[in-house]
Amino acid sequence: MPLALPVLKLAAAASLLALGILLAEGDPLRPVLGGLAAAVLTGWGLRDLVAPVRLAVDATGITVPAGLLSRRHLPWPMVETVQVHRRSGRGLAGPTLEIDAGDSLHLFSRLDLNADPAEVADALRTARAGSPGGTG
Numbered sequence: 387m388p389l390a391l392p393v394l395k396l397a398a399a400a401s402l403l404a405l406g407i408l409l410a411e412g413d414p415l416r417p418v419l420g421g422l423a424a425a426v427l428t429g430w431g432l433r434d435l436v437a438p439v440r441l442a443v444d445a446t447g448i449t450v451p452a453g454l455l456s457r458r459h460l461p462w463p464m465v466e467t468v469q470v471h472r473r474s475g476r477g478l479a480g481p482t483l484e485i486d487a488g489d490s491l492h493l494f495s496r497l498d499l500n501a502d503p504a505e506v507a508d509a510l511r512t513a514r515a516g517s518p519g520g521t522g
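In terms of our numbering, the sequence shown opens at residue 387 and continues consecutively.
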């Protein structure tokens with residue numbers, strides 16, 4: 387993930403907190419809302435700095451995030467499908483890597499992967515095919 391994005395999130399958090407305080411005009415709700423929004427953005431930005439790697443692969447399977455800072459290993463037999471969805475239309479659009487593990491679904495954008503989701507999907511399929519007992 388590019389370093390600029392977490393830094394932007396942290397800067398936005400500081401700005402929201404400052405705006406909440408500066409525009410309070412005696413209203414206690416504005417600083418509280420600014421503080422809550424700043425806390426969420428700070429947590430999100432720090433997560434991006436502390437745990438920038440979202441996906442790891444080895445011969446035994448795929449490791450994905452499970453919560454803010456923990457990870458979950460998905461053995462290859464547990465992974466049902468690896469595919470790329472292409473969305474178009476209004477708002478945020480772009481390809482998304484989808485890893486279906488039966489009881490859980492994991493979605494990754496280009497920003498999460500710092501690479502094209504289609505290329506990552508190909509690399510995952512190649513790693514799976516090369517694993518012992520891999521089915522491709």
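The beta carbon of each residue, even a glycine, is placed where N, CA and C say it ideally should be.
Closest in C-alpha terms to glutamate 466, from the list Arg458, Thr482 and Gly447, comes Gly447. Apart from the 5 residues on each side of it in sequence, leucine 493 sits with its Cβ closer than 6 Å to the Cβ of Thr482 and Glu484 in its chain, given in chain order. Leucine 409 and valine 418 have their C-alpha atoms spaced approximately 12 Å apart.
For glycine 429, the closest C-alpha among the options Gln469, Asp498, Ala445 and Leu455 is that of Leu455. When DSSP states are grouped into helix, strand and coil, arginine 458 belongs to the strand group. Annotation: the continuous alpha helix (DSSP H) that includes proline 503 extends over 503–516.
Contact between the segment 401–408 and the segment 436–446 is absent: fewer than 3 CB-CB pairs across the two stretches fall below 8 Å.
For leucine 510, the closest alpha carbon among the candidates Val450, Arg433 and Asp489 is that of Val450.
DSSP places glycine 447 in the uninterrupted beta strand (DSSP E) bounded by 447–451. Membership of arginine 472 in the beta strand (DSSP E) is indicated by the continuous run 467–472. One Cα belongs to valine 470, the other to alanine 424, and the distance between them is close to 33 Å. If you ignore the 5 residues before and after arginine 473, its C-beta comes within less than 6 Å of the C-beta of Ala479, all in its own chain and listed in chain order. The alpha-carbon of arginine 457 is positioned some 20 Å away from that of alanine 501. Between glycine 420 and leucine 396, the beta carbon gap of about 15 Å keeps them out of contact (Cβ cut-off 8 Å).
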